[in-house]
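Terminal number for the sequence shown in full-length UniProt numbering: 443, no gaps in between. Notes follow once the structure below has been shown.
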Amino acid sequence: MDEIIKEINTPAKATDAVSSFRANNPDGKSELEYKEISAKVAMQLWHRARSHSNRVTSANISEDHKTLELRNEIPYRLKKIILPALQEKFRLLLTTFDLMEPAESNPKSWYEAFLNNCIEIDDLLEQMALSILSVWTTNDTGQGFLEDNPHVEHVTRLRAEKTEDLVAYMMTACHDFFSGSYQHQRWGRVPSPSQYITAAITRRIPRIIDRIAQIIQWLQKSLLSVSREDWKIAIEECDDLLSLLAQPIRFKADRYYDSDGEPDDSRTITNNTKGNFARAAVHLMIISRIYFNKLSRSTNSQLLIFVGPSMEIGDHQLKLLLEGTEKLNYELIPSIRYAVTRWPTRRRGAVDDVVNLMRGFMDCSAILETYWDSLLKKNDPLVDRQTIEDARQWLNAWTSLFSIAARKAMDATDRAYTWPPEIRIGRDTGNTANDDVLMEDQF
């Protein structure tokens, strides 16, 4: 995998161009020659920054890996090694531009400092690019490496995707800087520069440094903090659907009407059921939003996921929960949207859509219950049993409200169904004793 990644549109290295330049006529170079190699190196770094997004797109590695097992050293290497070093090199580059005028008497010293900085920046940008290309890869568990290495961290889908986005954002700033630097080196006079051109270039360096700081800050977030951001996205999805349901739903009968449908699919019944289901879906989304809002809170006195000694959730359980909520957000809640907007062709499957939504929340609640049970089993005096009981009571109350809303949504379809639906959870919740639970036990 590493060899494949390295071969993906790898840009030319700045060090190769500079080494070749220095090897030819090592006794001395003219200022014009220095200006030309500086322009060439600036162009190579511009190309590296510009080609970054294409390299990531060409790799297309994320589809090959399940995020539940995704763990590697990439976040650690980026936030502790590569990005701080890159920040420092850009600070030195800024200092180099500040020293341009004093270097007029000895232009070679300025050019050599500029080239050395560019070589190191080029190497760090390549390390960062390779890290991003590897962020979706999981170290081989057969190496006995994951559990013992303190630098290996769990990586979630949101963490990987946002890291990709932030790095691409920073690369855009690098592209802008080296593009301006190339033009300056190619057509201007260094180190006897036009002041306004130099200022225009150097103003771009602090922008790069700030964007590097944003990536480091993001990677320093805990897995729980990242998960809460993911749940806030789920709240936005519920809000979007509520906004849609608040508007008159204009249904194009000729587009979605099934003339070969069942007898009860008449246009009159279709319009009535559509309106009834849309109103019921509003209640479903409001209650779903409450669930995600509760998960996303970090300051509420009554939390579902606790902080503090002996109360933390394990990384594996947290990623299980996150996987379940992502399925709700990206698959099950959108299915309710489709059922409303593509009525009546989706009416026959609307009951199944609601049942699947119930199953999704039941999966997530089972993980929370397993997490709370694991705390109670520790017999640790630092475990706050009353807090756990309060959380369980809240979840039970929420489940009761959600059950009522789900049944009303199923009634609104005018389709036959059984209640309570029999749904078994067959997933790994972290406690095999709870992995086979009937829906009727919950509702």
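We treat Cβ as the ideally placed atom computed from N, Cα and C, and that holds for glycine. None of the values given here were measured: they were computed from a predicted structure.
(request) On a CA-only basis, which of L304, R55, P84 and E229 is nearest L375? Give me that one, please. (result) In the sequence shown, counting from the first residue as 1, residue 375 sits at position 375. Answer by Cα proximity: L304.
(message) Starting from Y338, trace the alpha helix (DSSP H) in both directions and tell me its first and last residue.
(response) Counted from its first residue, the sequence shown places residue 338 at position 338. I333 to T341 is the span of the alpha helix (DSSP H), which, as asked, contains Y338.
(request) Identify which residue in M128, I235 and G275 has its Cα closest to the Cα of L245. (result) In the sequence shown, counting from the first residue as 1, residue 245 sits at position 245. It is G275 whose Cα lies nearest to the Cα of L245.
(message) How far does the alpha helix (DSSP H) with T374 in it extend, from its first residue to its last?
(response) Within the sequence shown, the letter at position 374 stands for residue 374. What sits at residue 374 in the sequence shown is Ser, not Thr. Start and end: R347 to K377.
(request) Measure the alpha-carbon distance for L284 versus T67 and round it to whole angstroms. (result) Taking the first residue of the sequence shown as 1, we reach residue 284 at position 284. Taking the first residue of the sequence shown as 1, we reach residue 67 at position 67. Answer to the nearest angstrom: the Cα atoms are 28 Å apart.
(request) Can you grab the Cα-Cα spacing for the pair Y34 / L295, in whole Å? (result) On the sequence shown, position 34 is the one that residue 34 refers to. On the sequence shown, position 295 is the one that residue 295 refers to. Roughly 59 Å separates the two Cα atoms.
(message) I want to know whether the stretch 355-364 touches the stretch 392-411 - three or more CB-CB distances under 8 Å.
(response) yes
(request) Put R203 into one of helix, strand or coil per three-state DSSP. (result) Taking the first residue of the sequence shown as 1, we reach residue 203 at position 203. R203 falls in the coil class under three-state DSSP.
(message) Report the CB separation of F402 from F361 in whole angstroms; it is logged as a contact under 8 Å.
(response) Counted from its first residue, the sequence shown places residue 402 at position 402. Counted from its first residue, the sequence shown places residue 361 at position 361. Confirmed, about 6 Å.
(request) For N72, name the three-state secondary structure that DSSP assigns. (result) The residue given as residue 72 occupies position 72 in the sequence shown. The answer is strand: DSSP assigns N72 an E or B state.
(request) Give every residue of the same chain whose Cβ lies closer than 6 Å to the Cβ of R337, excluding the five residues on either side of it in the sequence, and list them in chain order. (result) Sequence index remark: in the sequence shown, residue 337 carries index 337 (1-based). The residues are L241.
(request) Please report the Cβ distance between I216 and M170, rounded to the nearest whole angstrom; I am assuming they are in contact, meaning their Cβ atoms lie under 8 Å. (result) Walking along the sequence shown from the start, residue 216 turns up at place 216. Walking along the sequence shown from the start, residue 170 turns up at place 170. Not quite, the Cβ-Cβ distance comes to about 11 Å (not below 8 Å), so this is no contact.
(request) Quick one: give me the first and last residue of the alpha helix (DSSP H) that G324 is part of. (result) Position 324 of the sequence shown, counting from 1, holds the residue named residue 324. Where G324 is concerned, the enclosing alpha helix (DSSP H) stretches over D315 to K327.
(request) Output the boundary residues of the alpha helix (DSSP H) element that contains S30. (result) What you label residue 30 is simply residue 30 of the sequence shown in a count that begins at 1. From DSSP, S30 is part of no alpha helix (DSSP H); its letter is neither H nor E.
(request) Select from E326, I423 and A113 the residue whose C-alpha is nearest the C-alpha of C238. (result) By 1-based counting over the sequence shown, the position of residue 238 is 238. Here the closest residue by C-alpha is E326.
(request) Just mark E153 as buried or exposed, buried being the case when its beta carbon has 16 or more other beta carbons within 10 Å. (result) As a working mapping, residue 153 is identified with position 153 in the sequence shown. By the 10 Å Cβ count, E153 comes out buried.
(request) Would you tell me roughly how many angstroms separate the C-alpha atoms of P75 and T387, rounded to the nearest one? (result) One-based indexing of the sequence shown puts residue 75 at position 75. One-based indexing of the sequence shown puts residue 387 at position 387. Their Cα atoms are separated by approximately 33 Å.
(message) Can you give me the C-alpha to C-alpha distance between R159 and L219, rounded to a whole angstrom?
(response) The count along the sequence shown starts at 1 and reaches residue 159 at position 159. The count along the sequence shown starts at 1 and reaches residue 219 at position 219. Taking the straight line from one Cα to the other gives about 8 Å.
(message) Pull the bridge partners of E237 from the DSSP assignment, please.
(response) By 1-based counting over the sequence shown, the position of residue 237 is 237. Answer by DSSP bridge pairing: none, since E237 is not bridged.
(request) Report the rounded CA-to-CA distance for T15 versus R71, giving the unit in angstroms. (result) Here residue 15 corresponds to residue number 15 of the sequence shown, with the count starting at 1. Here residue 71 corresponds to residue number 71 of the sequence shown, with the count starting at 1. Using only the alpha carbons, I get a separation of about 33 Å.
(request) Tell me whether the beta-carbon of V340 lies closer than 9 Å to the beta-carbon of T413. (result) If you number the sequence shown from 1, residue 340 lands on position 340. If you number the sequence shown from 1, residue 413 lands on position 413. Not a contact, by the Cβ cut-off of 9 Å.
(request) Kindly identify the DSSP beta-bridge partner or partners of E153. (result) Numbered from its first residue, the sequence shown carries residue 153 at position 153. BP columns for E153 point to N72.
(request) Buried or exposed for A397, please, with buried defined as at least 16 other CB atoms from any protein chain shown within 10 angstroms of its CB. (result) On the sequence shown, position 397 is the one that residue 397 refers to. Its Cβ having fewer than 16 others within 10 Å, A397 is exposed.
(request) Select from I290, T138 and P107 the residue whose C-alpha is nearest the C-alpha of L32. (result) The count along the sequence shown starts at 1 and reaches residue 32 at position 32. L32 has its Cα closest to that of P107, out of I290, T138 and P107.
(message) Under DSSP, the alpha helix (DSSP H) around F114 begins and ends at which residues?
(response) Position 114 of the sequence shown, counted from the first residue, corresponds to residue 114. Element bounds for F114: P107 to L133.
(request) On a CA-only basis, which of P421, R342, T345 and T202 is nearest T95? Give me that one, please. (result) To locate residue 95, count along the sequence shown from 1; it is residue 95. Of P421, R342, T345 and T202, the residue nearest in Cα terms is T202.
(message) Within 10 Å of its beta-carbon, does E161 have 16 or more other beta-carbons around it, so buried, or fewer, so exposed?
(response) Start at 1 with the first residue of the sequence shown, and residue 161 comes out as number 161. Classification for E161: exposed.
(message) Going by DSSP, what residue range makes up the alpha helix (DSSP H) through W398?
(response) Numbered from its first residue, the sequence shown carries residue 398 at position 398. Its alpha helix (DSSP H) spans residues R385 to A412.
(message) Pop quiz: A129 and H52 are said to be a contact at Cβ under 8 Å. What is the actual Cβ separation, rounded to whole angstroms?
(response) Stepping through the sequence shown from its first residue, residue 129 is reached at position 129. Stepping through the sequence shown from its first residue, residue 52 is reached at position 52. 6 Å between Cβ atoms; contact.
(message) Looking at L125: is its Cβ nearer than 9 Å to the Cβ of I212?
(response) Here residue 125 is taken as the residue at index 125 of the sequence shown, counted from 1. Here residue 212 is taken as the residue at index 212 of the sequence shown, counted from 1. Contact: no.
(message) Cutting at 6 Å between CB atoms, please list the residues of its own chain near F292, excluding the five before and the five after it.
(response) Walking along the sequence shown from the start, residue 292 turns up at place 292. Once the five neighbours on either side are set aside, the close Cβ partners of F292 are W231, A234 and I235.
(message) What ranges does the alpha helix (DSSP H) occupy inside the stretch 266-301, keeping only unbroken runs of at least 4 residues that lie completely in it?
(response) 267-296
(request) Return the chain-ordered list of same chain residues with a C-beta closer than 6 Å to the C-beta of E323, the five sequence neighbours on each side being excluded. (result) Here the question's residue 323 lines up with position 323 in the sequence shown. Taken in chain order, the residues that qualify are L68.
(request) Please state whether DSSP places W419 in a helix, a strand or coil. (result) Stepping through the sequence shown from its first residue, residue 419 is reached at position 419. Coil at W419, not helix or strand.
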